[in-house]
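Protein chains in written order, with the numbering used here: chain D, 1 to 575; chain L, 1 to 65.
The beta-carbon is built from N, C-alpha and C at its ideal position, and this holds for glycine as well.
Okay, structure first, notes after.
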Amino acid sequence: MKEALFHLQWIDYAIMIIYFMFVLGIGWVLKRYMKDANAFLEAGRSMPAWVAGLAFISTNLGALEVMGMTGSGAKYGMLTTHFYWIGAIPAMVFLAIFMMPFYYGSKARSVPEYLKLRFDEKTRGLNAILFAVMTVLASGISMYALALLMEKVLGWDFNVSLWLSAAIVLAYTYLGGLSSAIYNEVLQFFIIVIGLMPIVFLGLHEVGGWSGLKESLAPIVVEKGFAGDTFTTTWKYTGTAAGNPMGVEWYGILFGLGFVLSFGYWCTNFLIVQRAMAAESTTAARNTPLIGAIPKMLIPFLIIVPGIVALVLMNKTGSGFTIMENGKANYDLTIIKLLEYYLPTGVLGLGITALLASFMSGMAGNVSAFNTVWTYDIYQSYIRPATNDKQADAKHYLKVGRLATVFGVLVSIAAAYLAGLFGNIMDFLQTIFSMINAPLFAVIFLGMFWKRTTGHGAFIGLLGGFFVALLHHGLTVPAGATTLVKGGWISVAHTYPVEMAQNFWTAIFACAAAAIITVVISLGTKQQKTDDELRGLVYSLTPKIQEDHVVWYKRTNTLAIFVLVMMVILSILFW
Amino acid sequence: MLDIRIPIGLLFTVLGVLVTAYGIITNSDTELYTKSFQYNVNLWSGLVMLVFGVVMLLTVKKKKT
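Here is the structure:
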């Protein structure tokens, strides 16, 4: 055993073991419901809205997110909430009201399949292959990070951690498919809330509540060269890029994060949308993102506020709190160090279990999205098309879905080792992901709301948007970049104050370029689909949804208004 | 299909009982709770989980009858 940060006691291990017994148990119980491909890959479209809704945000609440966002809390303060409020809520509301009816109503089983129905085969193929590759790589990265963490924190061997966590994920997704992944995401959501709650209370207790936090922050923040309340406000200092630690102006936040990045992520990423597509009815599918939005808005208090407390602790003499590692601040360690600092044996086990759980459910989410796209959009489309025998097909594709699960986990493991070999691969992949996602939103958006959009337009728009993103990345750098992975590999035309600003603008350019190219090419090419074929896929050709038969408080519009009002109130409170 | 409230309810009831019990046993251990300013966080977290778990299980029963 290597030197570990934590020395867990029997009770901590007991909590961990009980939790993972339940995780595996859920997979085992769900196994008998997995009779065909539809049950395995789409959860039989049977999830109640609240289950799908919690899974919807839980998929996004992976451990990398928790670690990263607590770190961002220490780096940027309450400005980080932009990722949870303006950078998530409008997109989720838009998905619920305008896009979900098409995703769910078209009976498409995946986002690539929607592209096939709306545009053509090549657009679907491009998206399906890119998505499949990116998803397993993402899963590999999160496995790598998990194994690294277990090595550092618990002293477990890297290889053992990697294969053990892969085996657990494989076991429950192989047994219970998407249902199992969703159920475990809901379980993970609750364990993460309960596991991190003590840190929030103890942290705020130590600094003297919210007002105490503000007071102790002021001198620290002033020393950094910002106004004293920069870290406890959200919009106040976004008038200039230099006035806030994120280095982005309000319009960069509004358009880059609030529009391009968040719409690209929440509205078109199949990993996320798949949770809503598994809901039991159109109303449930539309309410899924809205129900998820409520906890989403409150998560900052669970993970960002402790990060801000950590910043105070770092600067308090005698606290002994540090995130320094080999002479450099490692912000990803913030949450781990907080667990160590505040939690005694017992709740410590709970906190560690919560982190491990969110790592694994992140992987399971990726794997369960991968096997769906692989089975329906690649295997069924190009390798073995459906036959006339529906029953035999359902069995056959179930088998393929299961094999794809095994394959996906194995490739993830390979990707995890690859990530270990090349330290920069994570940054590199994250950059590529955002370049692919931003154009996709422009294309799907035009497809849904402009019936003239053609398949050629969509396909060339996707590629064009990606190349513009690449070009922008090749021509700009964030200040202080040391590797070409960060940009500027063509030449340096512009320097951004921080990397985040560069990411925002890359996405804005990619999305705008994709939109313009798609419109131009669409106007120059002939629409291959008839109005009849586009019914249910395009806004103007689809009958409006009537909500009269639903109780008023369960209506999508009611929930949407509630969610938006809540966001506005939070934004004003922390202006 | 398995009602998800059953596994959630069971898990948090079991964890709740375990952690609450641990909190009670260690209640006088001032050294253990130095980190948490002498708050018995095990007892509190345990009780929260126990209540949550039991409530989850109760909502399942209510639906059946």
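Other residues of its chain near residue i: CB distance less than 8 Å, five sequence neighbours each side excluded
{"i": "Gly488/D", "result": "Gly474, Leu475, Thr476, Val477 and Ala481"}
{"i": "Leu178/D", "result": "Phe40, Leu41, Glu42, Ala43, Gln274, Ala278, Ser368 and Thr372"}
{"i": "Ile308/D", "result": "Gly73, Ala74, Gly77, Met78, Leu213, Leu217, Phe231 and Thr232"}
{"i": "Thr65/L", "result": "Here Thr65/L scores only 46 on pLDDT, less than 50, and its place in the model should not be relied on; the value that follows carries that caveat. Cβ neighbours of Thr65/L beyond the five flanking positions: none."}
{"i": "Leu126/D", "result": "Phe459, Leu462 and Leu463"}
{"i": "Leu61/D", "result": "Gln188, Phe189, Ile192, Ile299 and Ser358"}
Endpoints, the alpha helix (DSSP H) within which residue i is located
{"i": "Tyr103/D", "result": "Met100 to Gly105"}
{"i": "Tyr496/D", "result": "Element bounds for Tyr496/D: not the alpha helix (DSSP H) but the beta strand (DSSP E), His494 to Tyr496."}
{"i": "Thr580/D", "result": "The displayed coordinates of chain D run from 1 to 575. Any statement about residue 580/D would go beyond what the structure contains."}
{"i": "His396/D", "result": "Lys390 to Leu421"}
{"i": "Ala613/D", "result": "With chain D covering only 1 through 575, there is no way to say anything about residue 613/D."}
{"i": "Phe189/D", "result": "Phe158 to Val207"}
{"i": "Glu249/D", "result": "First-last for Glu249/D: undefined, no H or E at that position."}
{"i": "Leu24/D", "result": "Trp10 to Leu30"}
{"i": "Val133/D", "result": "Glu121 to Leu149"}
{"i": "Leu41/D", "result": "Ala37 to Glu42"}
{"i": "Trp118/D", "result": "Looking at the sequence shown, residue 118/D is not Trp but Arg. Val111 to Arg118 is the extent of the alpha helix (DSSP H) around Arg118/D."}
{"i": "Ser58/D", "result": "Ala49 to Ser58"}
{"i": "Glu31/L", "result": "It is not in any alpha helix (DSSP H) - Glu31/L carries neither H nor E in the DSSP assignment."}
{"i": "Met500/D", "result": "Glu499 to Gly524"}
Contact set for residue i: own chain, Cβ-Cβ below 6 Å, skip 5 residues either direction
{"i": "Ile86/D", "result": "Gly258"}
{"i": "Gly53/D", "result": "Thr288, Ile291 and Gly292"}
{"i": "Gly351/D", "result": "Gly195, Leu339 and Leu343"}
{"i": "Ala55/D", "result": "Ile182, Glu185, Val186 and Arg275"}
{"i": "Phe189/D", "result": "Leu54 and Ser58"}
{"i": "Met56/L", "result": "Arg5, Ile8 and Gly9"}
{"i": "Thr26/L", "result": "Leu32"}
Neighbour-count burial assignment, residue i, 16 or more Cβ in a 10 Å radius
{"i": "Phe422/D", "result": "exposed"}
{"i": "Arg286/D", "result": "buried"}
{"i": "Phe37/L", "result": "exposed"}
{"i": "Gly349/D", "result": "buried"}
{"i": "Gly225/D", "result": "exposed"}
{"i": "Pro579/D", "result": "Coverage of chain D is limited to positions 1 through 575, which leaves residue 579/D absent and any answer about it impossible."}
{"i": "Leu58/L", "result": "exposed"}
{"i": "Leu559/D", "result": "buried"}
{"i": "Gly176/D", "result": "buried"}
{"i": "Tyr19/D", "result": "buried"}
{"i": "Val260/D", "result": "buried"}
{"i": "Trp374/D", "result": "buried"}
{"i": "Asn159/D", "result": "exposed"}
{"i": "Gln546/D", "result": "exposed"}
{"i": "Asp389/D", "result": "exposed"}
{"i": "Glu113/D", "result": "buried"}
{"i": "Ser28/L", "result": "exposed"}
Chain-ordered chain D contacts of residue i [CB-CB under 8 Å]
{"i": "Ile8/L", "result": "Val186, Leu187 and Phe190"}
Contacts that residue i makes with chain L (C-beta to C-beta distance below 8 Å)
{"i": "Gly25/D", "result": "Pro7"}
{"i": "Phe22/D", "result": "Pro7, Leu10 and Leu11"}
{"i": "Ile15/D", "result": "Leu15, Leu18 and Val19"}
{"i": "Ile18/D", "result": "Leu11, Val14, Leu15 and Leu18"}
{"i": "Tyr33/D", "result": "Met1 and Leu2"}
Beta-carbon neighbours of residue i, restricted to chain D and to distances below 9 Å
{"i": "Leu32/L", "result": "Pro344, Thr345 and Gly346"}
{"i": "Val17/L", "result": "Within chain D, no residue comes near Val17/L; the closest Cβ sits about 11 Å away, beyond 9 Å."}
{"i": "Val41/L", "result": "Pro198, Phe201, Leu202, Tyr342, Leu343, Pro344, Gly346 and Val347"}
{"i": "Val48/L", "result": "Ile194 and Met197"}
Segment limits, beta strand (DSSP E) that includes residue i
{"i": "Thr476/D", "result": "Thr476 to Pro478"}
Cβ neighbours of residue i in the same chain (closer than 7 Å, five flanking residues each side left out)
{"i": "Met1/D", "result": "Any reading at Met1/D must be qualified, since the residue scores a pLDDT of 44, below 50, and its modelled position is unreliable; the value itself is stated next. Closer than 7 Å at Cβ, skipping near neighbours: Gly155."}
{"i": "Ser45/L", "result": "Val19"}
{"i": "Tyr539/D", "result": "Met448 and Phe449"}
{"i": "Ser281/D", "result": "none"}
Contact set between residue i and chain L, taken where Cβ atoms lie within less than 7 Å
{"i": "Val29/D", "result": "Leu2"}
{"i": "His205/D", "result": "Phe37"}
{"i": "Ile11/D", "result": "Tyr22"}
Proximal residues of chain D, C-beta to C-beta of residue i below 7 Å
{"i": "Ser28/L", "result": "Near Ser28/L there are no residues of chain D at all, since even the closest Cβ is about 13 Å away, more than 7 Å."}
Under 9 Å by beta carbon: chain L residues contacting residue i
{"i": "Tyr183/D", "result": "Leu2, Ile4, Pro7 and Ile8"}
Chain C contact for residue i (CB, 8 Å cutoff)
{"i": "Gly155/D", "result": "As a matter of chain content, chain C is missing from the structure shown, whose protein chains are D and L."}
* **Cβ-based contacts, 8 Å cut-off: residues of the region 335-361 of chain D near chain L** => Residues are counted here when their Cβ sits less than 8 Å from a Cβ of chain L; for the region 335-361 of chain D these are Tyr341, Tyr342, Leu343, Pro344, Thr345, Gly346, Val347 and Leu350, given in chain order.
* To do: Give the residues from the region 45-62 of chain D that approach chain L closer than 8 Å (Cβ to any Cβ), ordered along the chain.
  => Going along the region 45-62 of chain D in chain order, one finds Ser46 and Val51 with a Cβ nearer than 8 Å to chain L.
* **Within 7 Å of chain L by C-beta, residues of the region 414-444 of chain D in sequence order** => For the region 414-444 of chain D, no residue has a beta-carbon sitting nearer than 7 Å to a beta-carbon of chain L.
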